[in-house]
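K.L.:
Be aware that the sequence shown starts at 0, since it is given in numbering that gives the first Met the number 0, and climbs by one per residue.
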Amino acid sequence: MTDEKIESLSKESRLFLPPTNPTAAVGSQEEYERIYRRSIDDMEGFWAERADELLSWEKKWDNVLEWDFDVPEIKWFSGGKLNVAYNCLDRHLENGRRNKAALIWQGEQDQDVKVYTYQMLHDEVCRFANVLKKKGIKKGDRVSIYLPMIPELAVAMLACARIGAPHSIVFAGFSANALRDRINDCGSKVHITGTAVNRAGRQIPLKPNTDEALKECPGVEQVVVVDSAPGYQADMVEGRDVWWHEEMAEDDVHGGCPCESMESEDPLFILYTSGSTGKPKGVFHTQAGYLTYTAHTCQWVFDLKDDDVHWCTADIGWVTGHSYIVYGPLALGATSLMFEGVPTYPNPDRYWQICQKFKVNIFYTAPTVIRALMREGDQWTQNHDLSNLRVLGTVGEPINPEAWMWYYKQIGNSKLPIVDTWWQTETGGHVISGLPYATPMKPGAASTPLPGIDAAIIDKDGKEVGPDEGGFLVIRKPWPGMLRGVWGNQERFKATYFAGFPGTYESGDGARRDEDGYFWIMGRVDDVINVSGHRLGTAEIESALVAHPAVSEAAVVGMPHEVKGQSIYAYVTLKGDEDESDELRKELVTHVRKEIGPLAAPEIMQFAPGLPKTRSGKIMRRILRKIAEGDTSNLGDTSTLADPGVVQDLIEGNADLT
Ligand code: 6R9
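Written as structure tokens, this is what we have:
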């Protein structure tokens, strides 16, 4: 074997059959296989059908697909014309959904609820589109948005889409510096912000960050400020800042706003992903392909139906919220729920209380949330009526089988399908995932490639590896939702995604495929640990730790070792009522040794009250690696950390150990 394969040690073998549902888009494994085969053999025909079925076109395309991954250049539906806001709003006014709830917004306080019908959302969007036009925004101009999870965020996005101005949303938890860099990179002239964020009963200032950032953003001329946290006093800059509510009340913004006619490949939005090194990349998506893809995956992967209430708990500041709170559900004319608060406030049953309150049908969240709620104990899930739930989903990280089992039993009542959706900001929508009424479920597996996705696992020479051998997860053909570039930097686009394996999209994740063809994501390739020449992914070792009843969360990294090259350093967060002790530490090492083998046994184990995570809940192993190596002088870019405080705790914990 070459030294560039990733070895798998996992022994997970549980299998759960999906429920049947005669109305499902894809109703059996055989049907999936048939559709999948067809989608690969006749890719253009497959996507042309879907684009035709799902979207309303002002003018049909001339060519379904033109592509060359070596340039790289990807064009879907070129020659076609349409408008994304028209597809998400206007057409629903005529197809019987005018008075249907498009968006249900639940604020942090239980009594704060706003419901926007399609008509109401349409009218707000038109009005704000007119505000933007008055500010001089034209097709192609970028608009940056830095808002909490409030309805104005969705309104602003759709207003941008309506007039053809690409939006660039910056998650409201990011710092002034992170905001500054993103604003300057996309070159926005108008910026939209809020006064403060309501979070767990506190108001976290937002406007001061904007002001700080804008000191070094010469391009921004005007700022629209939403009064997002009533009671919070924000300073307004004379001549630059205006209030959202005042602009929206002006007479001349009423009376509708025509949709700009957009080419399929005009940019729709820019969204920055922070790689582990270097400055963030402005991934951009275009109109027709992205909307086709998000609508399609929403329909097939969530089996989203007209009467459903769809709740994706992500923040709109990251791609999951873009695709599965706003664009996908609204393109389908569904009802999307948007929640401003956090899962543990005022109590760890907040999500379940909201599920009951709105009779949520589709529920989509992240493993980090599931682990956090699992840690709080089962009592929080028990007193809520979750009987309207129909499909559960997860995204963001590999889900540890134990967390999957908890989700399945406690939330899914041991009968609901769970779709473990593997995808990236770059892919626009789900690319590997089970289908709720077709795919038998294996806890921890992202399952199988969706139709139209030619995914493979290859070794460093580009050769496909055999069953259960780990390697690089790549996609060999384009799909409509894929990124079209890195904003202002096509060199980086090529270097990051198409240079490693020419002619192929490289995801940067490691994975293996089992004998049934299921993909198991093993973690980021950058995080692979090399123990005595054996390359191990992080996910399996972490899952083995999480399988121990005392553990709620774990992260492993490599640290230099004289003999083995690298050894495993594990950070372990215990469940609420567990005490840290040397015995437990030994027990956990023995447990990993027994579960997956001696090779994976951690050399050092540090109990950690919390792990460093990105704002979207992903563990930042890069920082853990530095701490394990004792090299904490330069931790690199920590601006995307959710809670910078945990780093200091970890450094102190490390000092006590070593
Ligand atoms: C949608 C999103 C992308 C990275 C991706 C992978 C990890 C996402 C996953 C998963 C295992 C899943 N990831 N979903 N790993 N199973 N179901 O998260 O986009 O923020 O760009 O992150 O997240 O490592 O490469 P993004």
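Backbone N, C-alpha and C define an ideal beta-carbon position, used for all residues, glycine too.
This structure is a prediction, so every number in the text was calculated from the model and none was measured.
#1: Just verifying my parser: in three-state terms, what is the DSSP assignment at Gln28?
#2: Exposed or buried, what is Asn197 when buried is set at 16 or more other beta-carbons lying within 10 Å of its beta-carbon?
#3: Using 8 Å as the threshold, is the region 36-44 in touch with the region 457-464, meaning 3 or more CB pairs across them?
#4: Closest to Leu372 by C-alpha separation, out of Glu29, Lys476, Gln409, would be which residue?
#5: Indicate, with yes or no, if the ligand 6R9 has a heavy atom lying under 7 Å from the CB of Trp421.
#6: Hey, which unbroken runs of the beta strand (DSSP E) at 3 residues or more fall wholly within the region 316-361?
#7: Mind checking Pro414: buried by the 16 CB within 10 Å criterion, or exposed?
#8: Do Pro17 and Ala402 have their C-beta atoms closer together than 8 Å?
#9: Going by alpha carbons, who is nearest to Pro207 out of Ala233, Gly218, Arg389, Val225?
#10: Taking only heavy atoms of the ligand 6R9 into account, decide whether any of them is closer than 7 Å to the Cβ of Glu505.
#11: Any chance you could list the alpha helix (DSSP H) runs of at least 4 consecutive residues sitting entirely within the region 259-317, in chain order?
#12: For Glu93, which of helix, strand or coil comes out of DSSP?
#13: Using only the heavy atoms of the ligand 6R9, determine whether one of them is closer than 7 Å to the beta carbon of Lys99.
#14: What do you get for Asn86, buried or exposed, if any count of 16 or more other CB atoms within 10 angstroms of its CB means buried?
#15: What are the uninterrupted segments assigned as alpha helix (DSSP H) that are 4 or more residues long and contained completely in the region 400-463, given in chain order?
#16: Go through the region 181-227 residue by residue and report every complete run of the alpha helix (DSSP H) that reaches 4 residues or more, in order.
#17: Is the region 159-168 close to the region 264-271, with three or more CB pairs under 8 Å?
#18: Less than 7 Å between the CB of Trp317 and some heavy atom of the ligand 6R9, yes or no?
#19: Would Leu434 and Trp310 qualify as a contact pair, given that the criterion is a beta-carbon distance under 8 Å?
#20: What is the DSSP secondary structure of Val660, counted as helix, strand or coil?
#21: Is the Cβ-Cβ distance between Leu152 and Ile315 less than 8 Å?
#22: Do Ala599 and Leu656 have their CB atoms nearer than 8 Å?
#23: Starting from Leu391 and walking both ways along the beta strand (DSSP E), at which residues does that stretch end?
#24: Give a yes or no on whether the minimum CB-CB distance between Val645 and chain B is below 8 Å.
#25: In or out: Gln108 buried (at least 16 other Cβ within 10 Å) or exposed?
#26: Tell me, which residues are paired with Pro559 by DSSP?
#27: Given 7 Å as the limit, tell me if Ile9 has its C-beta closer than that to any heavy atom belonging to the ligand 6R9.
#28: Between Ser615 and the ligand 6R9, is there a pair consisting of the residue's CB and a ligand heavy atom that are separated by less than 7 Å?
#29: Does the Cβ of Gly332 have 16 or more other Cβ atoms within 10 Å, making it buried, or fewer, making it exposed?
#30: Excluding sequence positions up to five away, which residues of its chain have a Cβ less than 6 Å from the Cβ of Gly596?
#31: Quick one: using the 10 Å Cβ neighbour count with 16 as the cut-off for buried, is Ser580 buried or exposed?
#32: Compare the C-alpha of Leu391 against each of Thr312, Asn129, Ser143 and name the closest.
#33: So what's Ile136 in DSSP terms, helix, strand or just coil?
P.N.:
So, from the data block:
#1: helix
#2: buried
#3: no
#4: Gln409
#5: yes
#6: 334-338
#7: Correcting the residue type first, residue 414 is Lys in the shown sequence and not Pro. When all chains shown are included, Lys414 counts as exposed.
#8: no
#9: Ala233
#10: no
#11: 286-300
#12: helix
#13: no
#14: buried
#15: 400-405
#16: 206-213
#17: yes
#18: yes
#19: no
#20: Residue 660 is absent from the model: the chain starts at 0 and stops at 657.
#21: yes
#22: no
#23: 390-393
#24: No chain B is present in this structure, which holds just one protein chain.
#25: exposed
#26: Gln565
#27: It should be pointed out that residue 9 corresponds to Ser in this sequence rather than to Ile. No, the ligand 6R9 has no heavy atom inside 7 Å of this Cβ.
#28: yes
#29: buried
#30: Leu8
#31: exposed
#32: Thr312
#33: coil
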